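S.K.:
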Amino acid sequence: LAKTTQPISMDSYEGQEVNITCSHNNIATNDYITWYQQFPSQGPRFIIQGYKTKVTNEVASLFIPADRKSSTLSLPRVSLSDTAVYYCLVGDGSGGYQKVTFGTGTKLQVIP
Amino acid sequence: DVKVTQSSRYLVKRTGEKVFLECVQDMDHENMFWYRQDPGLGLRLIYFSYDVKMKEKGDIPEGYSVSREKKERFSLILESASTNQTSMYLCASRERHPKTYFGPGTRLTVT
């Protein structure tokens with residue numbers, strides 16, 4: 018299984034850009050990288066996914082270098098409502114997604 | 008929007024009771040999952056199902072069983088609840104595409 022490693026926690030002031038990096042050294046050729054956001058007492062919510070280079074949507078950007086062994090989630094100008102846990106996931110190594118494992122995620126605290 | 012619903016938000020059961028947690032999704036997804044979430048441990052996969060009547064063990068299946076009689080419904084069963092099964096339980100569903108949809112969770116307390 019492709020394992021991911023993320024920082025346990027991060028603090029940021031409102032209005033700053035936040036970058037959360039995830040390592041996935043054993044990522045398989047067919048695996049996509051997916052990021053989720055979880056607020057307290059709620060289920061995780063899909064934010065963004067990518068395979069290589071850069072992906073941007075209305076919520077975040079995802080940067081993936083050529084070797085795909087890491088990825089960086091970028092949140093522009095965070096607000097207090099972005100305080101949450103962020104999870105990085107990759108596929109199960111076979112190109113399938115049945116047994117995708119969540120790690121402990123990165124707890125982002127946005128400070129006023 | 009995809010909707011995943013869980014039968015209860017909060018549940019209190021006694022040790023030894025049989026507990027059923029129900030999950031329903033409305034988007035005809037093939038894959039459904041049960042996770043538990045505990046502080047400091049993240050989300051851990053208990054069981055998943057990739058088709059009706061099909062199931063596979065996740066990382067922590069001990070003490071749990073599942074049932075999937077209809078495509079939209081996936082049930083988690085605690086045959087004899089124990090205090091170490093006190094946790095937040097999250098159901099999820101997914102197409103072949105990796106985007107996963109989660110329910111709101113059931114906070115189970117076993118006393």
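Those protein sequence lines, which keep their order, are chains Z and E.
Counting with the working numbering, you get residues 18 to 129 for the letters of the first sequence.
Counting with the working numbering, you get residues 8 to 118 for the letters of the second sequence.
Glycine included, every Cβ here is placed at the ideal spot set by N, Cα and C.
Since we're looking at a predicted model, the values are computed, not measured.
1) Would you kindly check if the distance between the Cβ of Cys98 of chain E and the Cβ of Val26 of chain E is under 7 Å?
2) Mind reading off the beta-carbon distance from Thr113 of chain E to Phe63 of chain Z? Whole number of angstroms is fine, and I expect it under 8 Å.
3) So, is the C-beta of Leu50 of chain E closer than 7 Å to a C-beta in chain Z?
4) Within 10 angstroms of the Cβ of Asp45 of chain E, are there 16 or more other Cβ atoms? Answer buried if so, exposed if not.
5) So is Met34 of chain E buried or exposed if we call it buried at 16+ other beta carbons inside 10 Å?
6) Among the candidates Z:Ala45, Z:Ile25 and Z:Thr89, whose CA atom is the shortest distance from the CA of Ala77 of chain Z?
7) For Asp121 of chain Z, would you say it is in contact with chain E, using Cβ-to-Cβ distances shorter than 7 Å as the test?
8) To which residues of the same chain is Lys60 of chain E closer than 8 Å at the C-beta, ignoring the five residues directly before and after it?
9) When the distance is taken between beta carbons, is Asn38 of chain E closer than 7 Å to Arg80 of chain E?
10) Identify each residue in the stretch 52-65 of chain Z for which the Cβ-Cβ distance to at least one residue of chain E is less than 8 Å, and report them in chain order.
11) Assuming contact is defined by CB atoms lying nearer than 7 Å, are Ser29 of chain Z and Val127 of chain Z in contact in what I supplied?
12) By the 8 Å beta-carbon criterion, what residues does the stretch 55-67 of chain E contribute toward chain Z?
13) Residues of chain Z with CB under 7 Å from Gly70 of chain E, in chain order?
14) Label Gly23 of chain E either buried or exposed according to how many other C-beta atoms from any shown protein chain fall within 10 Å of its C-beta, with 16 as the threshold for buried.
15) Quick one: what does DSSP say Ser98 of chain Z is sitting in, helix, strand or coil?
16) Considering Ser72 of chain E, what are the terminal residues of the beta strand (DSSP E) in which it resides?
17) Answer yes or no: does any C-beta atom of chain E fall closer than 7 Å to that of Tyr49 of chain Z?
M.R.: In this structure, then:
1) no
2) No, Thr113 of chain E and Phe63 of chain Z are not in contact; Cβ-Cβ is about 20 Å, not under 8 Å.
3) Using beta-carbon distances, Leu50 of chain E counts as an interface residue toward chain Z, with a partner under 7 Å.
4) exposed
5) With fewer than 16 Cβ atoms within 10 Å of its Cβ, Met34 of chain E is classed as exposed.
6) Closest option to Ala77 of chain Z, Cα to Cα, is Z:Thr89.
7) Checking the sequence shown, residue 121 of chain Z turns out to be Thr, not Asp. So yes, Thr121 of chain Z belongs to the interface.
8) Excluding residues within five positions, the ones whose Cβ falls inside 8 Å are Arg75 and Glu76.
9) No; because the gap between Cβ atoms is not below 7 Å, this pair is not in contact.
10) Taking 8 Å as the cut-off between beta carbons, the residues of the stretch 52-65 of chain Z near chain E are Tyr53, Ser58, Gln59, Gly60, Pro61, Arg62 and Phe63, in sequence order.
11) A contact, by the Cβ cut-off of 7 Å.
12) Phe55, Tyr57, Glu63, Gly65 and Asp66
13) Near Gly70 of chain E there are no residues of chain Z at all, since even the closest Cβ is about 19 Å away, more than 7 Å.
14) exposed
15) helix
16) Tyr71 to Lys77
17) yes
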